[in-house]
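Below: one structure, written as structure tokens.
There are 2 protein chains.
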Amino acid sequence: MAYLGSCRQAVEDELDRVLPPAAQTPAVLHEAMRYSVFAGGKRIRPAFAIAAAECLGGGCRTAIAAAAAVELLHTYTLIHDDLPCMDDDDTRRGRPSCHKAFGEANALLAGDALLTLAFETAARSPVAPAAIVRALAVAAGSRGVVGGQVADLAATGQPSDESTMHFIHAHKTADLFRAAVEMGGLSAGADADALVALRAFGRATGLAFQLVDDLLDADEPDDHSFSSIHIMGRERARAHAASLTAEAMDALGPFNEAAEPLRAIARYLLERTT
Amino acid sequence: MAYLGSCRQAVEDELDRVLPPAAQTPAVLHEAMRYSVFAGGKRIRPAFAIAAAECLGGGCRTAIAAAAAVELLHTYTLIHDDLPCMDDDDTRRGRPSCHKAFGEANALLAGDALLTLAFETAARSPVAPAAIVRALAVAAGSRGVVGGQVADLAATGQPSDESTMHFIHAHKTADLFRAAVEMGGLSAGADADALVALRAFGRATGLAFQLVDDLLDADEPDDHSFSSIHIMGRERARAHAASLTAEAMDALGPFNEAAEPLRAIARYLLERTT
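Keeping their order, the protein sequence lines are chains A and B.
If you count by the numbering used here, then the first sequence holds residues -16 to 257, one letter each, in order.
If you count by the numbering used here, then the second sequence holds residues -16 to 257, one letter each, in order.
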């Protein structure tokens, strides 16, 4: 938590710097973008990007563009997921969702603009900008996050199985965690072996994160959504999250104590209660 | 027209290569992406990218990634513009629009995936990938195409003025034409002076293209949409398109006969009847 807090201010500052001012024309668009980006997120994915860079002797300065890019991309997915034709959610983090606050067309376009700004920001990385853009795009596209979202929508309300659930978790969630550590590593000059280790760590952590999310959601008394808990049961989900976190720690074997921030975030994500 | 035809096959081949196979999971997503990309477009923006590269001694091979990227991005804007919360168009190029054929959520996500693939493709350019990504993102984002679309939606059905119309044309249309020639130029190693000339050419050609589009639309007997023709009148719009095309030709002053393909496309766009 302390490490997440220390990354968070740097990430907030960078997001504020790369987002156009709210007053710039068209103001409604820039207000909507800022409304959704500054909504109180924990900035877990950017913290992973920064921690991955530290693991290789880089730090906040080298990784900040990659870190901001992954958070901009994450925010676009939340705006589009909430739209009426998708999950149709009226609230997000206790406030009106973007389309409730700014209208459906403006929310759709704010998401499009944040996705675009994510790539612009990634391409401004001082190190390996093209490789960082490619890592983000592969994770975010039709074989990644978008593909996972399509599978999630197709499965909603229908009986599902573990292989469908795994496809959704792997793409909708874990692909972006994997990209976060990969992008952070690239910004610190990671070689091929380091990238293999970081990708394995990111993937396993992302899968564990989603199981813990589903466990926490299932504790909500009014939750009726279909999730991994309905398929695996609470005990197996909890055990699988722990085993994935152990797998993530193993993947960091090649690194020494410089990987401690990555380990600390992974432990926090497994043990969190919100 | 002959030049456009010669570029077109190379562009179609590259688009087919970078798009995932229609059968790949989730198949509905990859089918929707291909349905909209292969809908019979003239591929004008990719032709501009290739012609700009030729102008600097490059050619189809160096510019093909940039060319495909700009067309993928253009296709995403068409899918999202047609959605019910935007222009709510049921048809596009004589066929059902993407959301009519695949459903609203799948169309939204197909657009997101094409936008993402545009950046992945741009980042695979063999020359200047990061600069090409940045040129595309700046043109496509909240201060470019998306900003123009927000302004267009805000103006719909209301009395408008020339300055609003200019903002919409400059961002919704001309920014992507400017990016196309800029990206093509970058792929052929353009220096700062060449980029200034190419950007001025692209911007003026894009503005002229939109005026000609509005003139052709106004000839349709059932057209009731609000356009520049209502503000400027037919004669002034026609004269302004010609003057912008002349301005575009002037911008190519620094180049010799290598700029002939760029000039030929600009002339064709002014004189076209469809």
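C-beta: ideal position from N, C-alpha, C; glycine also.
When secondary structure is reduced to three states using DSSP, residue 237(B) falls in the coil class, being assigned neither helix nor strand.
Inter-residue distance for residue 137(B) and residue 11(A) is about 10 Å (C-alpha atoms, whole angstroms). Against residue 89(A), the close residues of chain B are 133, in the order they occur along the chain (beta-carbon pairs closer than 7 Å). Note on residue 105(B): 16 or more other CB atoms within 10 angstroms of its CB, so buried under the neighbour-count rule.
Taking CB atoms only, residue 160(B) has no neighbour in chain A less than 9 Å away.
Residues of chain A whose Cβ lies closer than 8 Å to the Cβ of residue 98(B) are, in chain order, 95, 98, 99. Residues 169 of the same chain have their beta carbon placed closer than 8 Å to that of residue 114(B), with the five preceding and five following residues left out of the count. Close to chain A, meaning a Cβ-Cβ distance shorter than 7 Å, are the following residues of the stretch 114 to 131 of chain B: 116, 117, 120, 121, 123, 124, 125, 126, 129, 130.
At least one CB of chain B lies nearer than 9 Å to the CB of residue 59(A). Close to residue 106(B), with beta-carbon spacing below 7 Å, are these residues of chain A in chain order: 113, 116, 117, 120.
For residue 78(B), the pairing in a beta bridge is given by DSSP as 75(B).
Apart from the 5 residues on each side of it in sequence, residue 252(B) sits with its Cβ closer than 6 Å to the Cβ of 192 in its chain, given in chain order. Listed by position along chain A, the residues whose Cβ is nearer than 8 Å to that of residue 148(B) form an empty set, because the closest Cβ is around 14 Å away. Between the alpha carbons of residue 158(B) and residue 60(A) lies a distance of about 25 Å. One alpha carbon belongs to residue 28(B), the other to residue 53(B), and they sit about 7 Å apart. Residue 108(B) sits away from residue 162(B), with the two beta carbons spaced by 9 Å or more. Taking C-beta atoms as the reference points, residue 184(A) and residue 122(A) fail to come closer than 9 Å. Cβ-Cβ separation between residue 101(A) and residue 56(A): approximately 4 Å, consistent with a contact (criterion under 8 Å).
Residue 254(B) and residue 71(B) have their C-alpha atoms roughly 30 Å apart. Annotation for residue 85(B): 11, 14, 15, 18, 93 place their beta carbon closer than 8 Å to its own, counting only its chain and skipping 5 residues before and after. Beyond the five residues adjoining it in sequence on each side, residue 246(B) comes within less than 7 Å, by CB distance, of 232, 235 in the same chain, given in chain order. Residue environment analysis places residue 239(A) among the exposed positions, since fewer than 16 neighbouring C-beta atoms fall within 10 angstroms of its C-beta.
Uninterrupted alpha helix (DSSP H) stretches at least 4 residues long and entirely within the stretch -11 to 38 of chain A occur at 10 to 20, 27 to 38, given in chain order. Apart from the 5 residues on each side of it in sequence, residue 125(A) has no Cβ closer than 6 Å to any other Cβ in its chain. Residue state for residue 94(B) is assigned as helix, using DSSP reduced to three classes. Contact note: residue 11(A) reaches chain B through 133, using a C-beta cutoff of 7 Å and chain order. A straight-line Cα-Cα distance of about 11 Å links residue 244(B) and residue -10(B).
By the rule that beta-carbons nearer than 9 Å mark a contact, residue 68(B) touches chain A. The Cβ-Cβ distance between residue 132(A) and residue 69(A) falls below 9 Å.
A distance below 6 Å between beta-carbons, with the five flanking residues on each side excluded, links residue 187(A) to the following residues of its chain, in chain order: 227, 230, 231.
Along the stretch -12 to 3 of chain A, the positions whose C-beta sits under 9 Å from a C-beta of chain B are 2, 3, read in chain order. A residue is called buried when at least 16 other Cβ atoms come within 10 angstroms of its Cβ; residue 144(B) does not meet this threshold and is exposed.
When 7 Å is used as the limit between beta carbons, residue 102(B) is near these residues of chain A: 102, 116, 120, in chain order.
With its beta carbon at least 9 Å from every one in chain A, residue 156(B) lies outside the interface. Straight across, the Cα-Cα distance linking residue 62(A) with residue 7(A) is about 21 Å.
Residue 117(A) and residue 116(B) have their C-alpha atoms roughly 10 Å apart.
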